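Sequential numbering of the sequence shown, starting at 67, is according to this note's numbering.
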Amino acid sequence: MQKPLDSRKPSPRPIEKKPKGLEQSWFADFLLLGVFLGVIFLGLATYWFGQDREVSVLEGRQLAQQPDVSVSAVRDGSYMEEFESYSSDQVFQRDRWMGLQAGFQKNVFQQKINNGVLALDNGVLIGPDEPVRGFDNMKRLFPEFGAAMQEQDVPVYFASAPSKPVHAAQNEMIPDYVISGDLESRGNLHDAVEGADFELIDLGETLFEQPMEDIYFYNDHHWNVQGAFLGYQQIIERLQQDYEDVPKLEASDMETFKIEQPYYGSYAREISLPYVEKLDYLEWMEPKDGFTTEVCRNGDDCGHSVIAREEAEETNRFADFYKVFMKDNYAQLRIEQKDPVNDLHVLVLKDSYANPVLGFLGESFGTVSAIDVRYAEGKVDITDYVEENDVDLVLFMHNDRISGMSGDYEDSF
């Protein structure tokens with residue numbers, strides 16, 4: 067049987083009221099969309115019509131340039147990889163975006179770490195290294211070099227400066243949630259040194275007792291001149307046990323100079339400026355009567371001072387004022403006293419940590435030669451250099467972050 071039709075009229079639906087303010091939400095959405103599209107079109111215009119930057123002063127590095135197109139590069143995928151790096155490096159207002167991102171992470175999310183750099187509670191920035199470095203290559207290379215030096219009757223010393231993360235770990239300043247293998251890595255490096263029968267000069271014996279902010283820059287990975295001078299004094303005190311006629315500079319002999327412009331070091335540029343809570347001002351020290359040495363760079367470029375005063379006159383906001391020490395890193399340096407206090411010739415095998423120390427060593431030895439194997443590119447045979455230049459002793463001057471230099475040393479030993 068067919069059911070009778072329901073004659074009742076459906077009740078009208080209630081009129082839904084829009085939430086308060088919804089009427090105006092389209093305007094905010096439209097405005098946000100306009101800003102978004104404006105940024106995109108401005109970025110595209112800058113990309114197509116703007117000039118690419120070659121260097122990021124903030125980051126202190128070369129920026130990727132537009133790659134050349136070739137059939138082979140497109141086929142093997144290398145073109146897209148290079149173009150991705152290029153588009154990332156040349157993004158519109160890159161430095162400003164990096165600063166905004168870092169400020170958001172620090173102030174909104176309260177993150178202490180950005181780009182691998184950790185901000186400690188005392189305002190010091192460090193770059194902890196999670197994996198433990200075994201220094202296996204050094205454990206193989208050092209004994210071979212040590213044996214070659216024993217044949218020439220040339221003693222080898224290794225001055226080991228603690229890196230900033232090691233100093234922080236030693237003094238239990240790194241939070242528990244941050245994994246750092248730096249302290250154990252330092253122990254492995256010392257095992258490699260002592261296994262080669264080098265004379266270890268552990269500068270941590272002096273520096274671990276000092277407040278971190280007194281001997282390191284807040285915002286750079288290097289020690290400052292006060293830390294370097296303490297390291298120099300410990301080195302000389304050890305060498306005086308074997309070479310009595312080596313004089314030592316005292317703090318009372320020195321005069322300190324300061325650059326008034328803030329120094330933004332490597333960590334400040336890596337973590338970005340919102341994390342910089344305390345400013346550095348680079349200082350250097352000179353004997354009150356002046357340095358008594360002359361520097362030759364890479365062989366025949368002579369007549370220089372151990373202090374590059376012209377670097378102190380830089381006005382760029384992100385100037386690398388650390389270049390005041392020796393001007394830069396060079397494959398070879400030779401520092402000679404104009405009126406030698408002794409006839410000793412020391413060869414320093416170094417990285418940039420040694421740069422502020424070299425000027426002090428020049429006042430203690432008649433001749434200081436220095437080789438930085440990172441820039442020698444295998445063109446220097448250190449064993450031959452020692453023999454041909456009548457070197458009396460070899461001094462390694464490094465911090466504990468040198469595991470990556472084993473290949474360079476292998477090419478130069």
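Cβ atoms here follow ideal geometry from the backbone N, Cα and C, with glycine treated the same way. A quick note: this is a predicted structure, and the numbers were derived from the prediction, not measured.
Taking a C-beta distance under 8 Å as the contact criterion, V434 and V452 do not qualify as a contact pair. Annotation: Q177 to L184 spans about 9 Å, alpha carbon to alpha carbon.
Looking only at Q300, N254, L339, S418, the smallest Cα-Cα distance to H287 is reached by S418. The three-state secondary structure of N421, taken from DSSP, is helix. In the DSSP assignment, D268 falls within the beta strand (DSSP E) that extends over 265–268. Within the same chain, and ignoring the five residues on either side of F387 in sequence, the residues whose Cβ sits closer than 8 Å to its Cβ are I325, Q327, Y329, L348, E377, A378, E380.
Secondary structure note for T358: it is in no beta strand (DSSP E), with a DSSP letter that is neither H nor E.
Counting along the chain, A258 sits inside the alpha helix (DSSP H) bounded by residues 248–261. The residues N203, M204, L207, in chain order, have a CB closer than 7 Å to that of S472 in the same chain once the five nearest residues on each side in sequence are set aside. Nearest to M239 by C-alpha distance, out of Y223, I192, D268, F211, is I192. Contact annotation: G444 and S478 have beta-carbon atoms nearer than 8 Å.
Under DSSP, E349 takes part in a beta bridge, and its partners are K324. Taking 8 Å as the cut-off, the beta carbon of L273 is found closer than this to the beta carbon of P228.
Fully contained in the region 174–257 are the following alpha helix (DSSP H) runs of length 4 or more, in chain order: 202–217, 230–236. Sixteen is the threshold: since fewer than 16 other Cβ atoms of the shown chains lie within 10 Å of the Cβ of I245, the residue is exposed. When the alpha-carbon of Q307 is set against those of G356, E454, P277, P221, the nearest one is in P221.
With contacts defined as CB atoms closer than 8 Å, V412 and L427 qualify as a contacting pair.
Assigned with DSSP and collapsed to three states, I401 falls in strand.
In the assembly as shown, K344 is an exposed residue. Its beta-carbon has fewer than 16 other beta-carbons within 10 Å. Across the set T359, N364, V407, K314, the C-alpha of N364 shows the shortest separation from the C-alpha of D394. Under the criterion of beta carbons closer than 8 Å, A235 and D248 qualify as touching, at roughly 5 Å. Taking one beta carbon from each stretch, the region 276–286 and the region 299–315 have fewer than 3 pairs nearer than 8 Å; the two do not touch. Membership of M463 in the beta strand (DSSP E) is indicated by the continuous run 459–465.
Here the C-alpha atom of R440 lies approximately 17 Å from the C-alpha atom of K389. For G293, the uninterrupted alpha helix (DSSP H) segment begins and ends at 291–305. Listed in chain order, the non-local C-beta contacts of V423 below 7 Å within the same chain comprise A294, G297, Y298, M463, local neighbours out to five positions each way being set aside. S332 carries a helical assignment under DSSP once its states are collapsed to helix, strand and coil.
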